Structures are given as C-alpha cells and as structure tokens.
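Asks: Counted from 1, the sequence shown has number 95 at position 95 by full-length UniProt numbering; the numbering is strictly sequential.
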Amino acid sequence: MFSVIRLLEPQLINRIAAGEVIERPTSVIKELIENSLDAKATEIHVTVRGGGQTLIRIQDNGCGMIKEDLKLSVQRHTTSKLSHADLWNIHTFGFRGEALASITSVSKALLSSKTLNQPHGWSLYIEGGEQQDFKPVACDVGTCIEIRDLFFATPARLKFLRSPAQEHIQITNCLERFLLLNPHVTFSLRLDEKHKVFDAASLEGRIKQLLNLQAAEGFWLETQIHDVKVTGWAALPGAHRRNADRIFLYTNQRPIEDRMLVQSMRIAYQDLIPKDRYPCVIAFLSIPYSDVDVNVHPAKTQVRFKAPQEIRSVLITALRKSLIQYGQKSVSITPK
Ligand code: ADP
Ligand code: MG
Numbered sequence: 001m002f003s004v005i006r007l008l009e010p011q012l013i014n015r016i017a018a019g020e021v022i023e024r025p026t027s028v029i030k031e032l033i034e035n036s037l038d039a040k041a042t043e044i045h046v047t048v049r050g051g052g053q054t055l056i057r058i059q060d061n062g063c064g065m066i067k068e069d070l071k072l073s074v075q076r077h078t079t080s081k082l083s084h085a086d087l088w089n090i091h092t093f094g095f096r097g098e099a100l101a102s103i104t105s106v107s108k109a110l111l112s113s114k115t116l117n118q119p120h121g122w123s124l125y126i127e128g129g130e131q132q133d134f135k136p137v138a139c140d141v142g143t144c145i146e147i148r149d150l151f152f153a154t155p156a157r158l159k160f161l162r163s164p165a166q167e168h169i170q171i172t173n174c175l176e177r178f179l180l181l182n183p184h185v186t187f188s189l190r191l192d193e194k195h196k197v198f199d200a201a202s203l204e205g206r207i208k209q210l211l212n213l214q215a216a217e218g219f220w221l222e223t224q225i226h227d228v229k230v231t232g233w234a235a236l237p238g239a240h241r242r243n244a245d246r247i248f249l250y251t252n253q254r255p256i257e258d259r260m261l262v263q264s265m266r267i268a269y270q271d272l273i274p275k276d277r278y279p280c281v282i283a284f285l286s287i288p289y290s291d292v293d294v295n296v297h298p299a300k301t302q303v304r305f306k307a308p309q310e311i312r313s314v315l316i317t318a319l320r321k322s323l324i325q326y327g328q329k330s331v332s333i334t335p336k
C-alpha cells in the first residue's frame with residue numbers, strides 16, 4: 001500500500017492561509033498600512049481603484065528593504081519583527097510573517113523598496129505567488145506595494161466582494177482607525193477620483209480633520225485602575241450615531257474590535273443618548289502585555305483579555321466620571 005498523505009505545495013498553503021488573513025480588499029489595506037507603520041513611515045499614501053479589486057497601492061517613506069529582504073518578505077513565516085518565541089510581548093503590528101505571502105499569492109503584485117544606504121532600489125513582480133521579475137529600480141527611500149487583480153487566483157473569493165462603493169466604505173473605516181492612532185503621520189487616501197490628505201497633526205487636530213468636531217465638544221479621558229489605563233477622547237452625548245462607526249478602540253496601540261467593550265460604552269452613555277444609538281468615543285487601553293493575547297486570529301483585530309471584566313469596568317468608569325462632570329455643568333444625569 002502507498003501512503004496517501006502528502007505535504008501541500010507551498011503556493012497552495014499560502015492561498016489557503018490567504019483565505020484567513022485576506023478576507024477582502026480592506027484586509028490588504030490594513031496589513032500594508034501596519035507594515036508601513038512598523039517601518040516607521042511618517043507618510044503613507046493609499047490609492048484604491050474599483051473597490052480595491054482593480055488596484056491597491058500603498059506608498060510609504062519608511063525604512064525600506066534591502067534586496068535580500070525584499071525577496072524574503074513575500075515568503076511565508078518570514079518576519080523581521082518577532083525575534084524570539086515571546087508571543088506575549090509584541091510591540092509591532094506584524095509578527096506572523098504571513099501578510100505579504102498571503103496577499104501576493106492571490107494577486108498580481110509589484111513591490112519596490114529602497115533603504116537609505118542603497119544607491120538604488122529593487123523591484124519584485126509576483127503573480128499568484130510566482131516570482132516573475134526582479135530588477136533594480138530608481139525610487140525614493142521607502143516601500144511601494146501595488147496589488148492588482150486581487151483574488152484573481154481564488155475566484156470563489158471574488159464572488160463575496162461587495163460593490164466598489166461598499167468596499168470603499170470599509171476601506172475608509174479601516175483607514176480612520178489608523179488616522180486617530182497615528183496623528184503625527186501624514187496620510188492620503190485616493191478612492192477612484194476622490195482624494196483626501198490628512199496632514200500630520202496632534203490628536204486634537206485629527207479629531208477636527210476626521211470627525212469634524214472640536215476637542216471642546218467632548219472631553220479627554222484618563223483613568224487608571226490597577227495596571228489598566230484608559231486614555232482618549234469622548235464626544236458629548238449629542239454626537240451620537242446610528243451605528244458604531246465612531247467608536248475607535250485600541251489595545252496597546254493596536255486597533256481592535258470588541259463587541260463587549262462597545263456595549264460597555266453604550267452602557268456608560270445610557271440615559272444620555274437614545275437606546276438604539278452609539279456614542280462617539282476614542283479609547284486607548286493600556287494593559288500589561290502579558291494580560292492580552294493578540295494571537296487569536298490571523299487578522300489580529302480581535303484580542304483576548306485575561307480579565308475582561310476589569311477592562312470593562314475601567315472603561316465605564318472613565319466615561320461615567322467625565323460624563324458626570326459634564327452633566328453637573330449642563331444636564332442632570334444619574335450615575336450608575
Ligand atoms: P510581518 O509584518 O508579520 O512581519 P509581513 O508578511 O507583513 O509579515 O511582512 C514581512 C516582512 O517584510 C516584515 O517583517 C518586514 O521586515 C518587511 N516589510 C513588509 N512591508 C514593509 C514596509 N512597508 N517597509 C519595510 N519593510 C517591510
Ligand atoms: Mg505585516
């Protein structure tokens with residue numbers, strides 16, 4: 001009898017992994033922006049055509065990659081970030097070394113990069129995970145990644161894409177999370193013919209640029225209980241929204257999604273906003289690295305807290321405290 005079990009081809013492994021990391025165009029944008037931020041870029045330019053399926057281009061002025069690293073960057077499990085097996089102490093966005101491998105396995109990708117010390121950059125063209133071209137190029141210090149024909153290699157995934165307009169909304173939401181986290185970085189976003197630039201600013205300036213609210217139309221947050229700290233900004237109740245698109249939640253400098261914490265924010269605002277509405281809050285949680293696991297899902301937008309109830313109560317306390325102070329000045333509210 002012959003053995004029937006065999007190791008999958010690396011390209012197939014990458015495509016299977018891509019299904020988890022790269023769900024839709026906005027996942028590509030998220031991963032590439034994170035890489036640019038990890039590379040210490042101070043300028044990040046994002047261009048999107050056709051909902052991201054035609055083109056996604058991210059250009060940064062970060063540290064760039066040398067020739068050898070550019071080639072390695074698209075391999076699976078290759079990373080410059082996680083140097084030892086310390087999954088509880090991660091300070092960069094990336095660490096799994098699979099984003100570029102996944103993205104380039106399901107698209108046609110052109111990567112060019114140059115470091116400060118190189119006389120010229122290098123460019124790599126890769127189609128469906130297969131390297132087609134590698135050559136020197138003239139380019140600025142930093143990295144430019146162009147993704148075309150996303151999911152051409154996995155047609156089943158194409159069927160799940162929404163209209164370009166809907167994908168653009170998701171892409172904008174994703175970019176907004178990074179805008180508030182990195183106000184000192186200049187970002188630009190081109191969605192087909194629409195172009196918007198967000199110059200480097202303070203958080204206060206970004207709130208104005210992005211939310212069109214003055215800092216005075218809300219309050220700064222700062223509360224610490226034991227070793228969990230919340231900072232950020234929350235708008236006055238009047239700025240409530242129909243959905244959670246103005247709730248920006250971060251754990252240790254990483255944008256996260258957490259239904260329970262969104263619910264906690266609504267609880268903090270209850271009686272002040274209509275029942276079916278959501279407040280506008282920017283909350284940065286600092287939690288000891290050993291108390292939060294970011295390695296829950298390949299997309300890393302969900303995290304697992306060791307003590308979720310504690311986080312919840314710090315967040316509610318931070319918001320209630322400020323709302324009560326505000327309430328004492330203007331409207332009357334009953335503290336819970
Ligand atoms: P990870 O971010 O988890 O390390 P990625 O597949 O996203 O994995 O990237 C692989 C590696 O490629 C990174 O560790 C980094 O060294 C390099 N890299 C990717 N994007 C950039 C960039 N914009 N600038 C500089 N280096 C980059
Ligand atoms: Mg990465």
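Where a beta carbon is used, it is the ideal one built from N, C-alpha and C, also for glycine.
These numbers come from a predicted model, not from an experiment.
1. Check whether the stretch 288-295 touches the stretch 208-217, counting contact only when three or more Cβ pairs, one atom from each stretch, lie closer than 8 Å.
2. Report buried or exposed for Asn-117, applying the criterion of at least 16 other Cβ atoms within 10 angstroms of its Cβ.
3. Using only CA atoms, which one of Glu-20, Gln-59, Leu-181 lies nearest to residue 353?
4. Confirm, please, whether the CB-CB distance from Ala-235 to Glu-217 is below 8 Å.
5. Please confirm whether any heavy atom of ligand 1 lies closer than 7 Å to the CB of residue 380.
6. Which residues bound the alpha helix (DSSP H) around Thr-26?
7. Out of Val-137, Ala-318, Val-141, which has the shortest C-alpha to C-alpha gap to Ile-225?
8. Is DSSP giving Val-294 helix, strand or coil here?
9. Can you list, in chain order, the stretches of the beta strand (DSSP E) that have 3 or more residues and sit fully within the stretch 41-72?
10. Applying the 10 Å Cβ sphere with the 16-neighbour rule, what's the burial state of Phe-2?
11. Label His-168 either buried or exposed according to how many other C-beta atoms from any shown protein chain fall within 10 Å of its C-beta, with 16 as the threshold for buried.
12. Would you kindly report the start and end of the unbroken beta strand (DSSP E) that includes Gly-97?
13. Relative to ligand 2, is the shortest distance from any of its heavy atoms to the C-beta of Ala-99 smaller than 7 Å?
14. Taking the C-alpha atoms as reference points, what is the distance between Leu-7 and Lys-196?
15. Indicate the three-state DSSP secondary structure (helix, strand or coil) for Leu-225 in the structure shown.
16. How close, in whole Å, do the beta carbons of Leu-278 and Pro-237 come, if the pair is a contact with beta carbons under 8 Å?
17. Suppose only complete runs of 4+ residues qualify. What are the alpha helix (DSSP H) ranges in the UniProt domain "DNA mismatch repair protein S5" (207-324), listed by chain order?
18. Determine, using beta carbons only, whether Ala-165 and Thr-186 come nearer to each other than 8 Å.
19. Give me the Cα-Cα distance between Arg-57 and Thr-231, rounded to the nearest whole angstrom.
20. Could you check the C-alpha separation between Leu-111 and Val-141 for me, to the nearest Å?
21. What separation, rounded to the nearest whole angstrom, lies between the Cα atoms of Met-65 and Lys-108?
Replies: Reading from the atomic positions:
1. no
2. Here residue 117 corresponds to residue number 117 of the sequence shown, with the count starting at 1. Exposed.
3. In the structure as shown, the chain begins at 1 and stops at 336. Residue 353 is therefore absent and cannot be evaluated.
4. Mapped onto the sequence shown, residue 217 falls at position 217. Mapped onto the sequence shown, residue 235 falls at position 235. Going by C-beta atoms, Glu-217 is nearer than 8 Å to Ala-235.
5. Residue 380 is absent from the structure shown; the chain starts at 1 and stops at 336.
6. In the sequence shown, the residue the question calls residue 26 occupies position 26. Residues 25-38.
7. Reading the sequence shown from its first residue, position 225 is the one you call residue 225. The residue with the shortest Cα to Cα distance from Ile-225 is Ala-318.
8. Residue mapping note: residue 294 aligns to position 294 of the sequence shown, counting from 1. Note: Val-294 maps to coil in three-state DSSP.
9. 43-49, 55-60
10. Locating residue 2 in the sequence shown gives position 2, counting from the first residue. Exposed, since its Cβ has fewer than 16 Cβ neighbours within 10 Å.
11. Taking the sequence shown and counting its residues from 1, one reaches residue 168 at position 168. Buried, by the Cβ-count rule.
12. Taking the sequence shown and counting its residues from 1, the one referred to as residue 97 is at position 97. No beta strand (DSSP E) holds Gly-97; DSSP gives it neither H nor E.
13. Start at 1 with the first residue of the sequence shown, and residue 99 comes out as number 99. Ala-99 Cβ: within cutoff of ligand 2.
14. Walking along the sequence shown from the start, residue 7 turns up at place 7. Walking along the sequence shown from the start, residue 196 turns up at place 196. If you take the alpha carbons of Leu-7 and Lys-196, they lie about 47 Å apart.
15. On the sequence shown, position 225 is the one that residue 225 refers to. A quick correction: the sequence has Ile, not Leu, at residue 225. Ile-225: strand per DSSP, three-state reduction.
16. Taking the first residue of the sequence shown as 1, we reach residue 278 at position 278. Taking the first residue of the sequence shown as 1, we reach residue 237 at position 237. One point to set straight first is that residue 278 is Tyr, not Leu, in the sequence displayed. The pair is not a contact, with the Cβ atoms about 11 Å apart (cut-off 8 Å).
17. 259-268
18. One-based indexing of the sequence shown puts residue 165 at position 165. One-based indexing of the sequence shown puts residue 186 at position 186. No, these two residues do not count as a Cβ contact at 8 Å.
19. Counting from one through the sequence shown, the residue named residue 57 turns up at place 57. Counting from one through the sequence shown, the residue named residue 231 turns up at place 231. Arg-57 and Thr-231: Cα-Cα distance of roughly 33 Å.
20. Here the question's residue 111 lines up with position 111 in the sequence shown. Here the question's residue 141 lines up with position 141 in the sequence shown. Their backbone Cα atoms lie some 13 Å apart in a straight line.
21. As a working note, residue 65 is residue 65 in the sequence shown. As a working note, residue 108 is residue 108 in the sequence shown. Going by the C-alpha atoms only, they are around 20 Å apart.
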